[in-house]
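Structure record follows, encoded as structure tokens.
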Amino acid sequence: WTGVEYQVAAHLIYEGRVEEALRIVDAVHERHDGRRRNPWDEPECGSHYVRAMSSWSLLLAAEGYVYDGPRGLLGFRPRLSPEDFRALFTAAEGWGTFTQRREGSRQVETIRVEWGGLRLRELLFQSPDSTTPRDVSVLVDVRRVEADWKAEEDEVHIALRDDIHLERGESLQVIMSW
Numbered sequence: 013w014t015g016v017e018y019q020v021a022a023h024l025i026y027e028g029r030v031e032e033a034l035r036i037v038d039a040v041h042e043r044h045d046g047r048r049r050n051p052w053d054e055p056e057c058g059s060h061y062v063r064a065m066s067s068w069s070l071l072l073a074a075e076g077y078v079y080d081g082p083r084g085l086l087g088f089r090p091r092l093s094p095e096d097f098r099a100l101f102t103a104a105e106g107w108g109t110f111t112q113r114r115e116g117s118r119q120v121e122t123i124r125v126e127w128g129g130l131r132l133r134e135l136l137f138q139s140p141d142s143t144t145p146r147d148v149s150v151l152v153d154v155r156r157v158e159a160d161w162k163a164e165e166d167e168v169h170i171a172l173r174d175d176i177h178l179e180r181g182e183s184l185q186v187i188m189s190w
């Protein structure tokens, strides 16, 4: 049952056991490789059975995705390649891309809306190895945005002083320095 396998793999990612999760996903892909049937259809109880949609949980787990639309909260805690991470995200009124880059004593988060819109009030990111930032800057395109922040264990919580609504093509960037 690929749906159950994906759920187990996603749970392993959340628990920090990424290599074990990837072995499960590789095993699924070896069984459904497209040589005998459509590689996008992992039949369990006939074609297009919905449980295999749990494969999307792997994306959420890999991103460490946190979203609460009514609160305006968006956060990421990448579990795969946190020093150079890029993935898509979806929200209530739009979708876009998230990137995280770690270089030296700096971490840069970029949220770009590719379609629709995104209302933000709070942000949440993970700092490397429980490092506490000494400075956090928030920019929308090139304009600095007023925000308050606090570090708790390995997370950085950012409260924007005013709601921000990003439209298609706009980006928000958070720069954290240690």
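Every position in the sequence shown, counted from 1, becomes a number in the working numbering once 12 is added.
C-beta: ideal position from N, C-alpha, C; glycine also.
Being a predicted model, the structure only gives us computed values, none of them experimental.
Taking C-beta atoms under 8 Å as the contact rule, Val150 and Leu100 fail to qualify, at a distance of about 22 Å. Ranked by Cα distance from Asp175, the options His169, Glu134, Phe97, Glu165 are led by Glu134.
In the DSSP annotation of this structure, His44 is not part of any beta strand (DSSP E), being labelled neither H nor E. With respect to Thr109, Arg131 sits apart: the two C-beta atoms are not nearer than 7 Å.
Residue environment: Ala33 is assigned as buried (16 or more neighbouring CB atoms within 10 Å of its CB, all protein chains considered). Residue pairing by DSSP places Val78 opposite Gly87 in a beta bridge. Between Ala159 and Ile170, the CB-CB gap stays under 7 Å. When rounded, the separation of the alpha-carbon atoms in Met65 and Gly106 is 20 Å.
Shown here, Ser67 sits in a helix according to DSSP, grouped into three states. Of the candidates Arg83, Val120, Met188, Ser142, the residue whose Cα lies closest to the Cα of Arg98 is Val120.
Under a 10 Å Cβ-count criterion, Glu179 is classified as exposed, with fewer than 16 other Cβ atoms of the shown protein chains found around its own Cβ. Residue state for Val30 is assigned as helix, using DSSP reduced to three classes.
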